[in-house]
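Q: All the letters of the sequence shown, read from the start, carry residue numbers 50 to 126 under my numbering.
All C-beta atoms, glycine included, are put in the ideal place defined by N, C-alpha and C.
In this text, all values refer to a predicted model and were calculated from it rather than measured experimentally.
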Amino acid sequence: MSALTAILSAMESGPKAGPAGKAYHSAIRRQGQEAAAIGGGEAVEAVLRQVVDAAPDQAGREAALVEAWVGLPGWRS
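1. For G109, is the classification buried or exposed, using 16 other Cβ atoms within 10 angstroms of its Cβ as the cut-off for buried?
2. Is the beta carbon of M60 less than 9 angstroms from the beta carbon of A113?
3. So what does DSSP say about D106, is it helix, strand or coil?
4. How do the stretch 62-72 and the stretch 84-102 stand: do at least 3 beta-carbon pairs fall below 8 angstroms, yes or no?
5. Quick one: is W118 near chain D, going by C-beta distance under 9 angstroms?
6. Between E83 and V101, what straight-line distance do the alpha-carbon atoms span, to the nearest angstrom?
7. Taking only the alpha-carbon atoms, compute the straight-line gap between Q80 and H74 and give it to the nearest angstrom.
The structure is reproduced here in structure tokens:
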């Protein structure tokens, strides 16, 4: 979770479009894939909840995660 939080923090303070945005999206997707590989959709959902709950002032975090994790096996499919 700490790596994902760091990625989201960097994304929130930097450019969201172009190559940087794509890099953030890819990094977030990899974190979701790792969670899915460990515990399926339930693990991905748990990570999402932990990250969002840890920074309630960052309203865009859930949307960024959901967008990056679309189509992960067993998660909100």
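A: On the basis of the data shown:
1. exposed
2. yes
3. coil
4. Proximity of the stretch 62-72 to the stretch 84-102 falls short of the contact definition, fewer than three beta-carbon pairs being nearer than 8 angstroms.
5. The displayed structure is made up of one protein chain only, and chain D is not part of it.
6. Going from the Cα of E83 to the Cα of V101 covers about 18 angstroms.
7. 10 angstroms
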